[in-house]
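The opening position of the sequence shown corresponds to residue 1 in the UniProt record's numbering, with each subsequent residue numbered one higher.
We treat Cβ as the ideally placed atom computed from N, Cα and C, and that holds for glycine.
Take a look at the structure set out below.
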Amino acid sequence: MGSKSRESMFGAAVRHLAERARDTRLKADAVACQAWNARMLAFQGPAQPSPALGDALNAGYRYLEVECLGCETHQTVALDIIRRPKWTPVHELERYMRCKDCSRIPGYPFKRSHLVALRSTKISALSPPSEWWPGER
1 MGSKSRESMF GAAVRHLAER ARDTRLKADA VACQAWNARM LAFQGPAQPS PALGDALNAG
61 YRYLEVECLG CETHQTVALD IIRRPKWTPV HELERYMRCK DCSRIPGYPF KRSHLVALRS
121 TKISALSPPS EWWPGER
């Protein structure tokens with residue numbers, strides 16, 4: 001005279017809803033990163049508000065493209081090795097970005113870099129640096 005367990009009664013529904021929540025969170029993170037990239041490339045900023053590190057990684061954007069203000073080179077920084085909490089907004093990383101080559105020149109202060117866009121791949125010959133969209137600036 002036993003009754004059905006709660007797992008057999010509600011387990012499938014709970015698993016299905018958890019899967020839907022994960023898919024919806026993935027889509028929302030991807031759209032937030034795409035919107036931030038569009039804002040950064042179209043207006044050359046502003047960087048705020050930006051998605052969190054964890055949201056960017058969840059959406060598949062593993063790299064952050066940065067441009068040096070001194071030598072104007074583009075570099076990518078891997079987001080998964082940054083030692084910050086996953087809820088840190090991407091725009092807060094800008095103050096820590098320094099160009100290693102420009103900073104080695106004696107007598108000059110550290111050259112800061114500014115954020116360009118989130119990327120899913122590193123900069124290479126097949127995947128060139130992002131370009132600013134033509135605009136009024």
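Is any non-hydrogen atom of the ligand FMN found closer than 6 Å to the C-beta of residue i, if you look at the structure I gave you?
i: N37; result: No copy of the ligand FMN occurs in the structure displayed, which carries no ligand at all.
Would you please verify whether the beta carbon of residue i is less than 7 Å from any beta carbon of chain D?
i: E19; result: Going by chain labels, chain D is absent from the structure shown, which holds only one protein chain.
May I ask which residues mark the beginning and end of the beta strand (DSSP E) holding residue i?
i: S113; result: 113-119
Among the options, which residue has its Cα nearest to the Cα of residue i?
i: V116; options: D23, H74, A30, T24; result: H74
i: Q44; options: A125, H91, I123, I105; result: H91
i: L69; options: R39, I123, E94, T121; result: E94
i: L41; options: Y61, G60, L118, A125; result: L118
i: D55; options: K27, V66, A38; result: K27
i: Y96; options: I123, R20, H114, A125; result: H114
i: L79; options: V66, R62, C71; result: R62
i: N58; options: E131, A38, T24; result: T24
i: P129; options: C71, E67, R84, M9; result: E67
If you run the structure through DSSP and keep just helix, strand and coil, what is residue i?
i: A12; result: helix
i: R104; result: coil
i: R62; result: coil
i: L17; result: helix
i: E136; result: Bear in mind that a pLDDT of 46 at E136, under 50, signals an unreliable position, so the model cannot answer this.
i: M1; result: Note that M1 scores 48 on pLDDT, short of 50, meaning its location in the model is unreliable; the coordinates nonetheless yield the value given after this. Correct three-state label for M1: coil.
i: E131; result: coil
Could you give the first and the last residue of the continuous alpha helix (DSSP H) run that contains residue i?
i: G54; result: 53-59
Quick check for students: name the residue ranges of the alpha helix (DSSP H) that lie wholly in the stretch 64-88, counting only runs of 4 or more. none
Is the stretch 22-36 in contact with the stretch 98-108, if contact means three or more CB pairs nearer than 8 Å? no
Looking at C-beta atoms only, is the number of pairs between the stretch 15-23 and the stretch 47-57 that lie closer than 8 Å three or more? no
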